[in-house]
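Read in order, the letters of the sequence shown are residues 1 to 385 in full-length UniProt numbering. Quick reminder that beta carbons are idealized off the backbone N, C-alpha and C, glycines included.
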Amino acid sequence: MKILFLCPNAYMSPRFGHMIFAPRDLSIALVDGLVAKGHTVTFATTPDVPTRATILPGNKALLALLDRVMGKGEIVDLPAARMIDAIRRDYEIDLLVRAIHEAKSGTYDLVHIYQKDLAHYFDDFFRPIPTVYTLHDSVPERDTLAYALYDNFKKHRYVAISRSQQQAYEGYHMIGMVYHGIDTSLFPVGKGGSGFIWLGRLVPQKGVDDAMKACVITNERLGIGSQFPGPQEASPYYRTSVAPFLDDPNIEKIGMVTTRRRAELLGRAKGLLFPIKWEEPFGLVMIEAMACGTPVIAYNRGSVAEVVKDGITGFIIDPDNENRSGKGSWVIKKQGIEGLVEAVKRIGEIDRAACRRHVEEHFAVEKMVDGYEAVYQKILVGKNL
1 MKILFLCPNA YMSPRFGHMI FAPRDLSIAL VDGLVAKGHT VTFATTPDVP
51 TRATILPGNK ALLALLDRVM GKGEIVDLPA ARMIDAIRRD YEIDLLVRAI
101 HEAKSGTYDL VHIYQKDLAH YFDDFFRPIP TVYTLHDSVP ERDTLAYALY
151 DNFKKHRYVA ISRSQQQAYE GYHMIGMVYH GIDTSLFPVG KGGSGFIWLG
201 RLVPQKGVDD AMKACVITNE RLGIGSQFPG PQEASPYYRT SVAPFLDDPN
251 IEKIGMVTTR RRAELLGRAK GLLFPIKWEE PFGLVMIEAM ACGTPVIAYN
301 RGSVAEVVKD GITGFIIDPD NENRSGKGSW VIKKQGIEGL VEAVKRIGEI
351 DRAACRRHVE EHFAVEKMVD GYEAVYQKIL VGKNL
């Protein structure tokens with residue numbers, strides 16, 4: 001197949017690797033996997049992305065400007081933040097237009113938009129070439145711009161990244177579901193045994209407060225891998241629910257981590273704490289941890305029950321008494337922080353080799369590539385269009 005693959009976000013550039021942008025590594029792994037299987041892929045992205053595909057780059061001057069505005073990664077003030085958003089938007093629009101011209105001049109079988117904030121508005125211009133979009137987000141709240149966007153384009157073709165996400169997007173034109181996959185060679189099995197770890201953004205939805213409470217109660221060390229705000233940037237949540245725990249000797253501020261450092265930290269940990277407080281479509285860090293042999297302790301929300309094998313690769317905890325799928329069926333019956341505490345104490349019951357096998361069998365990058373290849377074939381033979 002000849003595929004035009006779009007991830008037109010300026011944050012794809014390695015120079016912005018300190019910024020959290022989940023599609024970056026996933027899209028590169030997928031594209032390179034498709035090339036390895038003999039497909040011809042043109043990758044609309046930034047010019048410096050390391051890939052085996054042919055790159056269709058955007059405006060290099062905009063990338064240089066963004067680099068100057070962002071400086072060396074420090075937290076920026078509001079005017080600079082607005083300029084950053086504007087530059088990223090313009091880079092995306094410019095590259096979308098370039099991709100349309102490329103699609104018209106080439107003989108492409110399919111256009112895959114992997115990250116698509118504005119691409120929906122340009123969809124008609126790719127016709128008659130079929131397009132497909134990967135969904136990365138949970139269903140937006142009503143009366144938001146994001147909801148209006150999705151509601152307006154629900155008839156476009158979508159690929160979900162988990163069953164829970166697929167079910168949540170009722171009424172959307174879902175043509176398949178493909179789990180994320182990772183290059184397991186980048187996440188070697190570690191020995192574990194050096195406390196617990198939590199990785200993510202310091203926002204209420206990610207549940208770092210519950211993770212810290214569980215480790216303080218059990219007197220276990222918890223490393224927190226995240227960007228910590230300065231006094232002027234601290235949110236009310238950070239000031240009231242995070243900062244009070246940071247003086248505890250069991251809590252360690254690690255800061256932001258690269259992919260290589262992430263693998264090292266995950267491999268050293270007894271377990272990953274993932275007490276999310278939202279319906280996360282797919283928590284990539286869960287499979288990264290298990291690839292390193294590190295079990296996962298997570299609240300039963302979003303895709304957790306699809307990713308973690310309860311009692312085998314970690315423990316699933318009911319966060320509350322709400323009637324969610326699987327409620328009460330887990331190895332640990334206690335809920336919320338009490339459940340986390342019991343799981344932390346029982347983490348030694350989990351076989352680290354079983355965690356690694358689980359990822360190799362279900363979440364390796366080859367599985368993801370095969371899944372998308374099947375979706376492409378379905379589109380091209382006219383099924384489910």
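So, are the CB atoms of T46 and S13 less than 8 Å apart?
As a first step, residue 46 must be located in the sequence shown, where it is residue number 46. As a first step, residue 13 must be located in the sequence shown, where it is residue number 13. The answer is yes: Cβ separation under 8 Å.
For G171 and A29, believed in contact at Cβ under 8 Å, the rounded distance
Position 29 of the sequence shown, counting from 1, holds the residue named residue 29. Position 171 of the sequence shown, counting from 1, holds the residue named residue 171. The C-beta distance from A29 to G171 rounds to 31 Å, too long to meet the 8 Å contact threshold.
Tell me, please, whether the segment 288-300 touches the segment 179-196 by the rule of three or more beta-carbon pairs shorter than 8 Å.
The segment 288-300 is in contact with the segment 179-196.
Can you tell me which residues form a DSSP beta bridge with D198?
For this step, residue 198 is matched to residue 198 along the sequence shown. The amino acid at residue 198 is misidentified as Asp; the sequence shows Trp. W198 pairs with I224.
According to DSSP, is V365 helix, strand or coil?
Against the sequence shown, residue 365 aligns to sequence position 365. Helix.
DSSP has H112 in a bridge; who is on the other side?
Along the sequence shown, one-based indexing puts residue 112 at 112. F5 and V132.
A53 to V41, Cα distance in whole Å?
For the purposes of this step, residue 53 is taken as the residue at position 53 of the sequence shown. For the purposes of this step, residue 41 is taken as the residue at position 41 of the sequence shown. A53 and V41: Cα-Cα distance of roughly 5 Å.
Classify G192 as helix, strand or coil using the three-state DSSP reduction.
One-based indexing of the sequence shown puts residue 192 at position 192. Coil.
Mind checking which residues open and close the beta strand (DSSP E) that includes K253?
Residue numbering aside, residue 253 sits at position 253 when the sequence shown is read from its first letter. It spans I251 to K253 - the beta strand (DSSP E) in which K253 sits, taken as one unbroken run.
Would you kindly check if the distance between the Cβ of K334 and the Cβ of E322 is under 8 Å?
On the sequence shown, residue 322 is found 322 positions in, with the first residue counted as 1. On the sequence shown, residue 334 is found 334 positions in, with the first residue counted as 1. One thing to note: E322 has its Cβ no nearer than 8 Å to the Cβ of K334.
P57 bridges to which residues according to DSSP?
What you label residue 57 is simply residue 57 of the sequence shown in a count that begins at 1. BP columns for P57 point to T45.
Delimiting residues of the beta strand (DSSP E) encompassing V296:
As a working note, residue 296 is residue 296 in the sequence shown. Start and end: V296 to Y299.
Identify the residues that DSSP records as bridge partners of L266: which are they?
By 1-based counting over the sequence shown, the position of residue 266 is 266. Paired residues: none, contrary to the question.
Tell whether a beta-carbon distance below 8 Å holds between L118 and E92.
Your numbering for residue 118 matches position 118 in the sequence shown. Your numbering for residue 92 matches position 92 in the sequence shown. Contact flag set, yes.
Is the beta carbon of F16 less than 8 Å from the beta carbon of A22?
Position 16 of the sequence shown, counted from the first residue, corresponds to residue 16. Position 22 of the sequence shown, counted from the first residue, corresponds to residue 22. No, these two residues do not count as a Cβ contact at 8 Å.
Among the candidates L340, G176, I113 and A298, whose CA atom is the shortest distance from the CA of E220?
Stepping through the sequence shown from its first residue, residue 220 is reached at position 220. If you compare the alpha carbons of L340, G176, I113 and A298 with that of E220, the shortest gap goes to L340.
Using the Cα positions of H358 and Q232, report the straight-line distance between them to the nearest angstrom.
Walking along the sequence shown from the start, residue 358 turns up at place 358. Walking along the sequence shown from the start, residue 232 turns up at place 232. Each residue's alpha carbon lies about 43 Å from the other.
Taking C-alpha atoms, which residue in I332, G311, V331 and F274 lies nearest to V304?
The residue you call residue 304 lines up with position 304 of the sequence shown. Comparing Cα-Cα distances from V304 to each of I332, G311, V331 and F274, the minimum goes to F274.
Which two residues bound the contiguous alpha helix (DSSP H) that contains Y147?
As a working mapping, residue 147 is identified with position 147 in the sequence shown. Counting along the chain, the alpha helix (DSSP H) containing Y147 begins and ends at L145 to N152.
From E264 to P188, what distance separates their C-alpha atoms?
Here residue 264 refers to the residue found at position 264 of the sequence shown. Here residue 188 refers to the residue found at position 188 of the sequence shown. Going by the C-alpha atoms only, they are around 8 Å apart.
Figure out for me which residue from I332, G311, V307 and I312 has the closest Cα to the Cα of P319.
The sequence position of residue 319 within the sequence shown is 319, counting from 1. Restricting attention to I332, G311, V307 and I312, the CA atom closest to the CA of P319 is found in I332.
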